[in-house]
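Residue numbers (my numbering): 3 to 335.
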């Protein structure tokens with residue numbers, strides 16, 4: 003059964019309508035999972051627990067039986083922690099994002115650790131634009147990186163369907179691709195005044211495509227494999243690099259769309275268009291801007307296809323020489 007949000011509220015001061023949404027859902031006693039920096043946005047009188055004080059592997063289910071729902075209020079960690087607890091308890095989850103850096107605000111995916119895994123989508127999403135506008139600009143730029151990745155994710159999905167017969171949903175693919183293309187066109191042809199609101203809408207819609215497909219395929223492909231490869235190498239080499247998921251995916255999308263261009267001349271110019279849209283919102287498009295060594299970019303490209311069993315444009319793997327060429331051609335290095 004496809005589970006998608008029943009209520010989606012995207013507007014200024016939306017957070018003040020949280021209790022109204024709870025009443026409509028007949029929910030009376032939620033637990034709010036939040037962070038110490040985002041607690042200030044909690045405008046309702048419910049129990050609160052900080053996400054960094056919860057051991058998601060060993061938390062006692064019995065302590066949560068008195069709650070009929072979970073609210074995730076904050077960024078990615080707060081929302082993912084709340085989503086996971088709600089799933090384990092079998093109760094509804096409400097998402098109240100305080101920024102817009104990835105589509106986890108609406109998707110059924112939990113990415114607290116890799117590999118990510120499927121839970122259930124929020125029953126409601128309350129996005130207060132006043133709050134989101136105040137979030138760090140870097141996080142809002144990273145959100146663009148997560149959205150443009152839908153382009154290469156869908157191209158990879160089509161490739162897998164065509165070459166190995168992987169199950170493919172045309173409706174999910176079209177929906178996902180359209181979401182990304184519309185935001186790219188808006189960014190390239192506007193003064194960005196409405197960017198935070200447009201971005202939130204796009205991320206929520208992207209999360210819903212994952213629920214419809216019951217797979218991350220519409221929003222995660224070779225560009226995400228590259229990002230996960232970077233994360234793996236940062237951990238392996240104990241590197242203190244604070245690049246964000248969406249930033250890494252954005253740069254991955256630039257390079258992966260270039261690879262798709264090499265196999266399909268109809269896509270010529272796609273990589274450059276994606277790069278320009280990222281630049282417009284001040285997202286990084288080079289290793290230097292990402293503050294990552296060029297050699298790490300190259301190594302990540304060579305191991306990305308091994309990160310998980312997902313058929314993409316990286317299907318046969320690429321050599322160090324080819325990786326260097328791709329990164330140079332796209333001006334990532």
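Cβ coordinates follow ideal geometry from the N, Cα and C atoms, glycine included.
Between residue 99 and residue 142 a beta carbon distance of about 11 Å is seen, past the 8 Å cut, so the two are scored as non-contacting.
Within the same chain, and ignoring the five residues on either side of residue 21 in sequence, the residues whose Cβ sits closer than 7 Å to its Cβ are 46. Taking one beta carbon from each stretch, the segment 20-34 and the segment 132-140 have fewer than 3 pairs nearer than 8 Å; the two do not touch. Here residue 185 is buried, its C-beta having at least 16 other C-beta atoms within 10 Å. Measuring C-alpha to C-alpha distances from residue 102 to each of 316, 238, 309 and 144 identifies 144 as the nearest. In chain order, 110 and 111 place their CB closer than 7 Å to the CB of residue 120, counting only its own chain and leaving out the 5 sequence neighbours on each side. Contact between residue 246 and residue 301 is absent: CB atoms are separated by about 20 Å, not below the 8 Å threshold. Per DSSP, residue 335 lies in no alpha helix (DSSP H) segment and is marked neither H nor E. Residue 212 and residue 292 have their C-alpha atoms some 28 Å from each other. Under the DSSP assignment, residue 10 falls in the beta strand (DSSP E) whose first and last residues are 9-13. Going by DSSP, residue 95 is part of no alpha helix (DSSP H) but of the beta strand (DSSP E) stretching over 95-99. DSSP places residue 180 in the uninterrupted alpha helix (DSSP H) bounded by 172-190.
Non-local beta-carbon contacts of residue 299 in its own chain, meaning distances under 7 Å to residues more than five positions away in sequence, involve 289, 329, 334 and 335 in chain order. Looking from the CA of residue 49, the closest CA among 33, 67, 64 and 81 belongs to 33. Around the C-beta of residue 230, 16 or more other C-beta atoms lie within 10 Å, and the residue is accordingly described as buried. The beta carbons of residue 148 and residue 223 sit no closer together than 8 Å. If you draw a straight line from the Cα of residue 220 to the Cα of residue 178, it comes to about 6 Å. When the Cα atoms are used, residue 18 and residue 52 turn out to be separated by approximately 21 Å. Beyond the five residues adjoining it in sequence on each side, residue 151 comes within less than 6 Å, by CB distance, of 225, 251 and 255 in the same chain, given in chain order. Look at residue 146 here: in three-state DSSP terms it is helix. Inclusion of residue 133 and residue 107 in the CB contact set at 8 Å is not warranted, their separation being larger than that value. Distance between residue 90 and residue 168, taken at the CA atoms: about 30 Å. Under a 10 Å Cβ-count criterion, residue 115 is classified as exposed, with fewer than 16 other Cβ atoms of the shown protein chains found around its own Cβ.
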